[in-house]
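Structure record follows, encoded as structure tokens.
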Amino acid sequence: MRLGSKLTALLLAGAIALSARSASAKLRVVATIETLADLCRQVGGDRLEVTSLSHGYQDPHFVEAKPSLVLTLNRADALVYVGLDLEIGWLPPLVQQSRNVRIQRGQPGNIDASTGIKVEDVPNIPADQLRALGDIHPLGNPHYWIPPKNARGIARVLAQRFSELDAAGAAGYQAGLAAFEHRLDAKEAAWDKAAAPLHGLHVVTYHKSWSYVADWLKLQEVGYIEPKPGIPPTANHTAQLIALMRKSDVKLVIVESFYPSSLARFVAENGHARLASAPSDVGAAPAIKSYFDLVDAVLAAFVSGQ
Amino acid sequence: MLSLAIVCLLAQQIDQSALDKAMAADAAAKAAATPATTSASTPAGSAAPSIQGATPAPEGTAAGATAGEEKGASQQSVRAPGGSLLNPALSFILDGSFGYYGAHAGDFAALGLPPAGDDPSVSRQGFGLQEIELAAQSAIDPYFEGAVFLTIPNLAGLEVEEAYLVTTSLPLNLQIKAGTFRSQFGRNNTQHLHLQYFTRRPLMTALLFGEDGLRGPGAQASVLLPLPWFAALYVEAFSIAAPDNLAGLSTFGGGARLTPSNLTYTTELEQFFELAESHSLLVGLNFATGRSVDCVTAAPCVPVNVDGPRSFLYGADLYYKWKPANVVQSYASLQWTTEFYARTLADGGGTEGAGYSEAVVQIARRFYLGARFDLTGLPSGPDVPRRYGGAASLTFAPSEFSRLRLYAQELGGPGVAATTVGFLQVEYAMGAHGAHPF
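Given below as structure tokens:
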């Protein structure tokens, strides 16, 4: 009994020592994609030490669940993820193995960025028929972080949650958020102006991952190069798509820069449209260092083609 | 080990409530200074352990609940079409096959290579269902995650492949797993059938680990070592039952309680090295010891009473993966796995060994080409004969949820006729999206 209570006391002391963080230490935030990492930095600035589990030139559906990421997660105070099952293929086992209570589901350090946005494309069909439509996301479309409205929503969630995790920095996070929103307001006006020629444009995209952007820029999605999400293109579908493009006067073919662009180029050329190989995440190219760079680059790709 | 888990949980509880009090005091102190901060942190109060303990938050809605009431509500309505909120993530996995163990009946048996439990059936060849698996996974509460994997191998009755809980909130980088589960020993042994690129398990499986691999009711404690690279140390104890097949020696098993505790103990050290962004190396060192069961030399043989010599199983596994992160370059990837183990029996029982090396190359987005070389009987002995196996497989994955596979294997050895094994295999997974382990 005495041994038991001693052991308990020892473990308790160890646990407190491990979980206590000195007030001056930075909050260690791990984001699943680089855009979320950048939004964290925009809001938290020097109060945070931010790392991203994936790179902007990777397909975020398929990140290698390397054990080294377990180590990164083990040391995190907070985990910020896209949610809506985008990371379902690789994140859950990493979080489980991290042995880090702070980032487990239900903990304040487990931050689902999708709680800051209005989710679109929630499939409204019986669950047993979902997979017949390909690898669709049953909780809604998770490719939401580019439109300014959503970046604003994500940043607000981040500021609130960081303030809860690090009360001493609350004023700093609110100031960071205000500065971000201020800059966003100015950029949004410029982006709207730059995108004006795109309004009403008929587009074809590779994966159904540009719907939020299409809504924002008032583009009309006519078709997708993938016959169904996650299913590689077939000759038959491609031929039908090209015919459809000619009929519906599609002007632009959009493909994420991490997908092979040769087929998209073929589709664009034969469908008499321009090809935009667009970045979808910060870090997709070395010059894209922030959320603002990302949106600038997306619009540049859309407006000028590539 | 379980008492350690309970103590750890207890410590965790006390720790949480102590912190809770401290946080309340802190918040009260801050309330005086900055009222705005306090109101902002009120929703997070719902994440305080005392309240959460009374009403466990359902998975998926938990994050929404802490992030503000409005958004939480919208997330819940998003969940609705997927089905009932509190059901665990369910999936069914099927592995069907068509093929034969050699052109002539009896050729395969003459090799003396017992098949693994989830290999295609030897007694009923032609069409077969290697395995039907039902998987359920869920968070249990804020402290545990749970999983149940029921399987029907070769249409021969329901088995529990795994059913366990894992802790998520122990201090000191500890994790406890308890229930019945696959040992962390080696690499292939940890994997379910549907994670593999070959129709059959390596030949060493039934010879050294047991028909169903090294698995059973037990407990595991693991810790992440405080090193700059990933290094995890596992310690396990199992109660391995008497084997179904008594025709050969089994490394572990038997129900006898002839010693104070007739358990099988294992320990594994797993280390990961990121050589470059696209090149990774996983190295495992493994050791296990327990009582062997030998019905061949014990007469009469009553499995629960057989007390074979103590056995020691040890060896290493090596896994190298090359996969460029940027798929624009190509979809090509390479996985190379090599495992080798030796078994030593106490009381002068000698040492026998077996292993394999396999490479899987992704040749296009949906095509995988695999080659495996098996070697058993190095050194050879009465229970592990010298045999060679060469296998090739071609896997086509139409989507993430289905696979078609062609598999051929040539088996032979000194003094036995060579045998060619061939199978066509189909595999599907329906239900929850599984994760891809590294």
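Read top to bottom, the protein sequences are chains A and B.
Every number in this note's numbering is 172 more than the matching position in the first sequence, counting from 1.
Every number in this note's numbering is 149 more than the matching position in the second sequence, counting from 1.
A virtual CB, placed ideally from N, CA and C, is assigned to each residue, including glycine.
With 16 other Cβ atoms within 10 Å as the buried cut-off, status of residue i
i	result
F516(B)	exposed
S371(B)	buried
D496(B)	exposed
D218(A)	exposed
I460(A)	buried
S476(A)	exposed
L330(A)	buried
A182(B)	Bear in mind that the predicted position of A182(B) carries a pLDDT of just 44, short of 50, making it too unreliable to give a figure here.
A323(A)	buried
S270(A)	buried
A473(A)	buried
D387(A)	exposed
H444(A)	exposed
D357(A)	exposed
H341(B)	buried
A376(B)	Inspection of the sequence shows that residue 376(B) is occupied by Leu rather than by Ala. Its Cβ having fewer than 16 others within 10 Å, L376(B) is exposed.
K419(A)	exposed
R446(A)	buried
N408(A)	exposed
T486(B)	buried
L374(B)	exposed
T406(A)	exposed
S542(B)	buried
Amino acids of chain A, ordered along the chain, whose beta-carbon sits closer than 7 Å to that of residue i
i	result
P563(B)	Residues of chain A passing the Cβ test: none, with the nearest at roughly 40 Å.
L323(B)	R271
F379(B)	P239, S240, V242 and L243
E423(B)	K238 and S240
F587(B)	E236, A237, K238 and P239
L235(B)	The premise fails here: L235(B) is roughly 14 Å from chain A at the closest Cβ pair, so nothing lies under 7 Å.
Residue i Cβ short of 8 Å to the ligand SAH heavy atom set
i	result
Q324(B)	The ligand SAH is not among the ligands present in this structure, which contains no ligands whatsoever.
Partner residues on chain B for residue i, Cβ-Cβ distance less than 8 Å
i	result
E393(A)	Chain B residues near E393(A): none, gap ~21 Å exceeds 8 Å.
G344(A)	None at all; the shortest Cβ gap to chain B is about 11 Å.
R355(A)	Those do not exist, as R355(A) stays about 23 Å from chain B at its closest Cβ, beyond 8 Å.
Q276(A)	P291, T317 and S318
Contacts of residue i in chain A (Cβ-Cβ under 9 Å)
i	result
A584(B)	A237, I260, G261, W262, L263, P264, P265 and L266
A288(B)	Q276, R277 and G278
L373(B)	V242, L243, N246, Q269, S270 and R271
Within chain D, partners of residue i - CB distance below 9 Å
i	result
F293(B)	Looking for chain D here will not work: the only protein chains present are A and B.
Amino acids of chain B, ordered along the chain, whose beta-carbon sits closer than 7 Å to that of residue i
i	result
I114(A)	Because chain A is modelled from 173 through 478, residue 114(A) falls outside the range shown and cannot be assessed.
G480(A)	Residue 480(A) lies beyond the residue range present for chain A, which begins at 173 and ends at 478; the question has no answer from this structure.
D257(A)	H582
Contacts that residue i makes with chain A (C-beta to C-beta distance below 8 Å)
i	result
R331(B)	Those do not exist, as R331(B) stays about 15 Å from chain A at its closest Cβ, beyond 8 Å.
V315(B)	Q268
K326(B)	Residues of chain A passing the Cβ test: none, with the nearest at roughly 10 Å.
F334(B)	Ordered by position in chain A, no residue passes the 8 Å Cβ test against F334(B), which lies about 17 Å from the chain.
M353(B)	By Cβ distance, chain A contributes nothing, its closest Cβ being about 24 Å from M353(B), past 8 Å.
Expected contact under 8 Å - CB spacing of residue i and residue j to nearest Å
i	j	result
V267(A)	L245(A)	6 Å
F464(A)	K359(A)	6 Å
G402(B)	D532(B)	With a Cβ gap of about 14 Å, G402(B) and D532(B) do not count as contacting.
A559(B)	G539(B)	The residue asked about is misnamed: residue 559(B) is Glu in this sequence, not Ala. Their Cβ separation, rounded to whole angstroms, is 5 Å, which keeps E559(B) and G539(B) in contact under 8 Å.
A448(A)	L424(A)	6 Å
G591(B)	N435(B)	Coverage of chain B is limited to positions 150 through 587, which leaves residue 591(B) absent and any answer about it impossible.
V439(A)	L416(A)	V439(A) to L416(A), Cβ: 11 Å. No contact.
I426(A)	W363(A)	The Cβ separation is near 16 Å, so there is no contact.
V376(A)	Y396(A)	7 Å
N338(B)	G365(B)	No, N338(B) and G365(B) are not in contact; Cβ-Cβ is about 12 Å, not under 8 Å.
Interface partners of residue i on chain B, CB under 9 Å
i	result
G455(A)	Here the premise fails: no neighbours, minimum Cβ distance about 11 Å.
**Asked** Is it true that the region 240 to 254 of chain B meets the region 276 to 288 of chain B, where meeting means three or more beta-carbon pairs spaced less than 8 Å apart?
**Response** yes
**Message:** Taking 8 Å as the cut-off, does the region 448 to 455 of chain A touch the region 225 to 240 of chain A (at least 3 CB pairs, one atom from each stretch)?
**Reply:** The region 225 to 240 of chain A vs the region 448 to 455 of chain A: in contact.
**Message:** Using 8 Å as the cut-off, can you tell me whether the region 521 to 533 of chain B makes contact with the region 345 to 358 of chain B, which would need three or more C-beta pairs spanning the two stretches below that distance?
**Reply:** yes
**Request:** Would you list, in chain order, the members of the region 213 to 247 of chain A that have their beta-carbon closer than 7 Å to a beta-carbon of chain B?
**Result:** H227, Y229, Q230, D231, E236, A237, K238, P239, S240, V242, L243 and N246
**Message:** By the 7 Å beta-carbon criterion, what residues does the region 506 to 525 of chain B contribute toward chain A?
**Reply:** R514 and R515
**Prompt:** Is the region 340 to 350 of chain A in contact with the region 279 to 298 of chain A, if contact means three or more CB pairs nearer than 8 Å?
**Reply:** no
**Three CB pairs or more closer than 8 Å across the region 379 to 396 of chain B and the region 432 to 446 of chain B** = yes
**Against chain A: residues of the region 429 to 452 of chain B by CB proximity under 9 Å** = S429 and L431
**Prompt:** According to a CB-to-CB cut-off of less than 8 Å, which residues of the region 303 to 327 of chain A neighbour chain B?
**Reply:** R303, G306, D307, P310, L311 and G312
**Asked** Does the region 342 to 350 of chain B come within contact of the region 258 to 277 of chain B, defined as at least 3 CB pairs closer than 8 Å?
**Response** yes
**Message:** Counting beta carbon pairs with one atom in the region 307 to 314 of chain B and one in the region 323 to 335 of chain B, are three or more of them shorter than 8 Å?
**Reply:** yes
**Request:** State whether the region 231 to 239 of chain A contacts the region 280 to 293 of chain A, with contact taken as three or more CB pairs (one from each stretch) at a distance under 8 Å.
**Result:** no
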